[in-house]
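J.: Supplied in structure tokens, the structure appears directly below.
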């Protein structure tokens, strides 16, 4: 990471927690964890409340769909770290690797329900172009996506349009797939608390 | 429906106005991606608009402008949350416009 404080600036208690995570998971501590645990009162804790509500709060979208939305937003941000991390969570949530790789490979041909595909397209446009307009939203509503579902998808996009910028700006280290799989298991069991 | 309204407001107030090492006016400027003084302005704009292109050199430039690591941490977070907020609010307004007609 580009800021030494994010690697080494944590309190003694947090460093002890990291040691425990390394021992129990047999994986390095993910940089996203190091970020939210550094001066957690400033960013980590208030952001985790947003992320937990967006990703695990009440929604018509199942967790797998929301994690796939996160991965699509990450891909549209060209954020390698978040794309891999949340593709892994989506795969674990769906118990299906093919659907996630297909969606990330070609959204137009992947075997997805049309409301989800239309939502993912809107999120991709919002992320790439920093805006969508009323016509985009009319098309989504016409595709059968409800207003609460659109709001929930936008909440996911908010969380990951923030996270991806931080992952890329702070230079998160991209570990091997096993570290992301361990992270995915944790996020499915415990959420973003 | 998931409701992030209050949690988002708390987050924004905390990072911009709460206790920190960069002055709140500078954090607000980073959040808005407007009114940041050079050479930091270029780095903040990159975080907001093209974060995947941020390099070691950008962070070095932030340091060279006199910022501590903790101040860079705060300013980058403000820039990231600020841009995500503008995207979110633009999309919510578009939804309001479209749904309001139905």
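Chains as they are written, first to last, in my numbering: chain H, 1097 to 1289; chain V, 3 to 104.
All C-beta atoms, glycine included, are put in the ideal place defined by N, C-alpha and C.
This one's a predicted model, so the numbers in the text were calculated from it and none came from an experiment.
1. Does the distance from the CB of residue 1159(H) to the CB of residue 1189(H) come in under 7 Å?
2. If you draw a straight line from the alpha carbon of residue 1226(H) to that of residue 50(V), how long is it in whole angstroms?
3. Here's a check: name, in chain order, each residue in its chain whose Cβ is nearer than 7 Å to the Cβ of residue 61(V), leaving out the five neighbours to either side.
4. Listed from N- to C-terminal order along the chain, which residues in the segment 72-91 of chain V have their beta-carbon within a distance smaller than 8 Å of any beta-carbon of chain H?
5. Please confirm whether residue 1141(H) and residue 53(V) have their CB atoms less than 7 Å apart.
6. Residue 1073(H): buried (16+ other C-beta within 10 angstroms of its C-beta) or exposed?
7. With a threshold of 7 Å on Cβ separation, who are the neighbours of residue 1221(H) within its own chain once the five nearest residues in sequence on each side are excluded?
8. Could you tell me whether the Cβ of residue 1254(H) comes closer than 7 Å to any Cβ of chain V?
9. May I ask you to verify whether the segment 26-34 of chain V touches the segment 1142-1152 of chain H, counting CB pairs closer than 8 Å and requiring at least 3?
10. If you follow the alpha helix (DSSP H) that residue 14(V) is in, where does it begin and where does it stop?
11. Please report how far the alpha carbon of residue 1164(H) lies from the alpha carbon of residue 1252(H), in whole angstroms.
12. What are the complete beta strand (DSSP E) segments, minimum 3 residues, inside the segment 1101-1146 of chain H?
13. Where are the alpha helix (DSSP H) runs, 4 residues long or more, that stay fully inside the segment 1214-1280 of chain H, in chain order?
14. Just to confirm, are residue 36(V) and residue 77(V) a CB contact at a threshold of 7 Å?
15. Quick one: grab the DSSP three-state call for residue 1202(H).
16. Of all the CB atoms in chain V, is at least one closer than 7 Å to the CB of residue 1169(H)?
17. If you pair each beta-carbon of the segment 1148-1157 of chain H with each one of the segment 4-20 of chain V, do three or more pairs fall below 8 Å?
18. Quick one: what does DSSP say residue 77(V) is sitting in, helix, strand or coil?
T.: If we stick to the structure as given:
1. When the beta-carbon positions are compared, residue 1159(H) and residue 1189(H) come within less than 7 Å of each other.
2. 10 Å
3. 74
4. 72, 74, 75, 76, 78, 79, 81, 82, 83, 85, 86, 87, 88, 89 and 90
5. no
6. Nothing about residue 1073(H) can be reported from this structure: the residues present for chain H run from 1097 to 1289 only.
7. 1228 and 1232
8. Taking CB atoms only, residue 1254(H) has a neighbour in chain V less than 7 Å away.
9. no
10. 7-19
11. 10 Å
12. none
13. 1230-1238 and 1243-1266
14. Result no, Cβ atoms of residue 36(V) and residue 77(V) do not sit closer than 7 Å.
15. coil
16. no
17. yes
18. In the three-state scheme derived from DSSP, where H, G and I count as helix and E and B as strand, residue 77(V) is classed as helix.
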